[in-house]
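**Student:** This is the structure, below, for whatever I ask next.
Number of protein chains: 2
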Amino acid sequence: MVPVYERVALIGLGLIASSMAHAMRRDGLAGEIVGYAKSAETRKIAREMGLCDVITDSAAEAVQDADLVVLCVPVGAMGTVAREIGPVLKPGATVSDVGSVKRNVIEAVGPHIPDGVHFIPAHPLAGTEHSGPRSGFAELFDDRYTIIVPVPGSDAEAVSRLTALWKGMGALVEEMDPEHHDLVLAVTSHTPHLIAYTMVGVADDLRRVTDSEVIKYSAAGFRDFTRIAASDPVMWRDVFLSNKEATLEILGRFTEELFALQRAIRQEDGDHLHDYFTRTRAIRRGIIEAGQDTDAPDFGRVKARQG
Amino acid sequence: MVPVYERVALIGLGLIASSMAHAMRRDGLAGEIVGYAKSAETRKIAREMGLCDVITDSAAEAVQDADLVVLCVPVGAMGTVAREIGPVLKPGATVSDVGSVKRNVIEAVGPHIPDGVHFIPAHPLAGTEHSGPRSGFAELFDDRYTIIVPVPGSDAEAVSRLTALWKGMGALVEEMDPEHHDLVLAVTSHTPHLIAYTMVGVADDLRRVTDSEVIKYSAAGFRDFTRIAASDPVMWRDVFLSNKEATLEILGRFTEELFALQRAIRQEDGDHLHDYFTRTRAIRRGIIEAGQDTDAPDFGRVKARQG
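See the structure below:
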């Protein structure tokens, strides 16, 4: 198979970058993969693992002669990295990223991209609660969406090449503008994460219910919140700070609805509760039908425990 | 194997009762299983499936000569069923239930239990988002906790026999008093469910993000909420109405914490967010170590899809 890019540089070697390395190798999508991480410990692990063909000791070194550079660092670090690599990018190269927020990344990275280099932001909607170079696996993007967010003037050929890479890694690809992306993600990801973090924090804080009780009895519902509340703290801090407006808007809506349900409980308005709970079932059915979750009892947890 | 109970009556034939029927049969725990459901359609399905040895057309008929009667109906219906069966219960029999709330059930059921019959409330902490007689499976209770909530005067031998049944069905068994049970469940189950319902409702309500977008991009976090927000609406309406005080208390704590995080976002207080998110990770690790979830990437969803 002819590689989609001859030389790919991954800046940051966490869950997404390490999964990309595995997925690109699985399907021969890159001629050579070069990696860099800020932490010496991460670089050491990545070298030991043979995660990439080369691990460099600076971002500038990693991107030299790269046909595709993918910024896989927390959203708050994107601008700093872009400033460092901007001057040494190869003319005609593509710079992309995997950040969970797009408007803010475009503002931080865009000014550092020289003429003749294509800047095409992207966001794979896939993840686990694990982080670091050992957490990646080739199947992470299979049947999950990657949203490509072209900026004004994005070269159509460069966009279709990046699309081919993501499809090659198993992803379904869609295009969106940055504002809409940030709103959709505030609803489907950022606000749910904040709420999950809050609920886990409340449980941890209570004096009358012990942590060990919360843990033992978590299968009753709480468990489903803890997975997303275990995600990387730096990444999520940056997401909330950089998608502030949309997150606060959706949080406002959430609080409004929560207060309405709280009042229904206080006033013992069973009909209101029943109607609300009936409506939300339909959404779940849609997700199963769209192939974005398994319908196996308990998410296939039973199977996984036996395996 | 000698059955733990000669004749077991299941009143209500939803997820829990049908899973109990499968689990009791798997290990020969009951000599005979009799079932009753209020809905004629449910009784018809249960008969077609051969779910129980006998399906009766009334609750009173089902409990005749039963050594164990398990009330598997929504919490709000427990009192009505207990009033109906009270007069025909066999002396020396045990009546138990599987309701998610205990104080309220004890108040509703207790007065209808005649002298000489043992009333031992219980609550298996296990479930899926599915309901009805076809949703059950024998492994539902494996390695999950069932909480037994003895009432004053509960006979020790009757309690240990019920414990043996639940252990036989694969469960880990703990005892708790009703007030503590209701508070622990408000934290680990009831409030998380209400929050999940709210978040799914908000997503469904937005005009600027379509339902199809919410569904397509749900793997980014939202999906984990939809499973628990797809649970049986009648069951959950009754849970919130009957565990009102504890749920409202935990909701109050939740709102307080959420507002603090919301303010941190508005004020761009990254340290506050980072510290909070770091603390919640430890809880997740505890759940994995306690064997109450799988550590497989994506909950083993990848595997389940392939299977």
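Protein chains in written order, with our numbering: chain X, 200 to 506; chain Z, 200 to 506. Beta carbons are placed, not taken as given, at the ideal position from N, Cα and C, and that holds for glycine.
Going by other Cβ atoms of all chains shown within 10 Å of its Cβ, with 16 needed for buried, is residue 208 of chain Z buried or exposed?
**Tutor:** buried
**Student:** Consider the Cβ of residue 393 of chain X: report whether some Cβ of chain Z lies at a distance smaller than 8 Å.
**Tutor:** yes
**Student:** Below 8 Å on the Cβ atoms is my guess for residue 398 of chain X versus residue 293 of chain Z; work out the distance and round it to an integer in Å.
**Tutor:** With 8 Å as the limit, residue 398 of chain X and residue 293 of chain Z do not qualify as a contact, their Cβ atoms being about 36 Å apart.
**Student:** Around the C-beta of residue 242 of chain Z, are 16 or more other C-beta atoms found within 10 angstroms, so that it is buried, or is it exposed?
**Tutor:** buried
**Student:** Note the first and the last residue of the continuous alpha helix (DSSP H) segment covering residue 384 of chain X.
**Tutor:** Element bounds for residue 384 of chain X: 377-384.
**Student:** Can residue 210 of chain X and residue 274 of chain X be called in contact, C-beta distance under 8 Å?
**Tutor:** no
**Student:** Go ahead and label residue 352 of chain X buried or exposed: buried means 16 or more other beta carbons lie within 10 angstroms of its beta carbon, across all protein chains shown.
**Tutor:** exposed
**Student:** Spatial neighbours of residue 212 of chain X within its chain, please: C-beta separation below 6 Å, excluding the five flanking residues on both sides.
**Tutor:** 234, 236, 241, 245, 332
**Student:** If I follow the unbroken alpha helix (DSSP H) through residue 296 of chain X, where does it start and stop?
**Tutor:** Here residue 296 of chain X belongs to no alpha helix (DSSP H); instead the beta strand (DSSP E) covers 293-296.
**Student:** Among the residues of its own chain, which have a CB less than 7 Å from the CB of residue 349 of chain Z, if the five just before and after it don't count?
**Tutor:** 319, 358, 374
**Student:** Using C-beta distances below 6 Å, list every residue in its chain close to residue 216 of chain Z, excluding the 5 sequence neighbours before and after it, in chain order.
**Tutor:** 209, 271
**Student:** If you draw a straight line from the alpha carbon of residue 489 of chain X to that of residue 425 of chain Z, how long is it in whole angstroms?
**Tutor:** If I take the Cα positions, the gap works out to 14 Å.
**Student:** Provide the residue span of the alpha helix (DSSP H) that contains residue 387 of chain X, from first to last.
**Tutor:** Careful: residue 387 of chain X lies outside any alpha helix (DSSP H) and carries neither H nor E.
**Student:** Which same chain residues, not among the five before or five after residue 369 of chain Z, have their C-beta less than 6 Å away from its C-beta?
**Tutor:** 340, 341
**Student:** Can you find a CB in chain X that lies within less than 8 Å of the CB of residue 473 of chain Z?
**Tutor:** yes
**Student:** For residue 304 of chain X, go through chain Z and note every residue whose CB falls closer than 7 Å to its CB, in chain order.
**Tutor:** Under the 7 Å cutoff, chain Z gives no residues; its nearest Cβ is about 16 Å from residue 304 of chain X.
**Student:** Report the option in X/305, X/442, X/392 whose CA atom is closest to the CA atom of residue 475 of chain Z.
**Tutor:** X/392
**Student:** With a cut-off of 8 Å, does the C-beta of residue 263 of chain Z fall near any C-beta of chain X?
**Tutor:** no
**Student:** Kindly indicate the opening and closing residues of the beta strand (DSSP E) around residue 268 of chain Z.
**Tutor:** 267-270
**Student:** Taking the Cβ atom as the reference point for each residue, do residue 300 of chain Z and residue 321 of chain Z lie within a distance shorter than 8 Å?
**Tutor:** no
**Student:** For chain X, is any of its Cβ atoms less than 8 Å away from the one on residue 432 of chain Z?
**Tutor:** yes
**Student:** Let me check understanding here. Comparing Cα to Cα, which of X/259, X/220, X/445, X/286 lies closest to residue 248 of chain X?
**Tutor:** X/220
**Student:** Around the Cβ of residue 407 of chain X, are there at least 16 other Cβ atoms within 10 angstroms (buried) or fewer (exposed)?
**Tutor:** Burial call: exposed.
**Student:** What did DSSP end up calling residue 242 of chain Z once you bin it into helix, strand or coil?
**Tutor:** helix
**Student:** With three or more beta-carbon pairs closer than 8 Å as the criterion, would you say the stretch 306-316 of chain Z touches the stretch 280-289 of chain Z?
**Tutor:** yes
**Student:** Pull up the DSSP beta-bridge partners for residue 234 of chain Z, would you.
**Tutor:** Under DSSP, residue 234 of chain Z takes part in a beta bridge, and its partners are Z/209, Z/254.
**Student:** If distances are taken between C-alpha atoms only, which option among X/304, X/326, X/338 comes closest to residue 224 of chain X?
**Tutor:** Relative to residue 224 of chain X, the option among X/304, X/326, X/338 whose CA is nearest is X/338.
**Student:** State the Cα-Cα distance for the pair residue 484 of chain X and residue 396 of chain Z, rounded to the nearest angstrom.
**Tutor:** The alpha-carbon atoms of residue 484 of chain X and residue 396 of chain Z are separated by roughly 14 Å.
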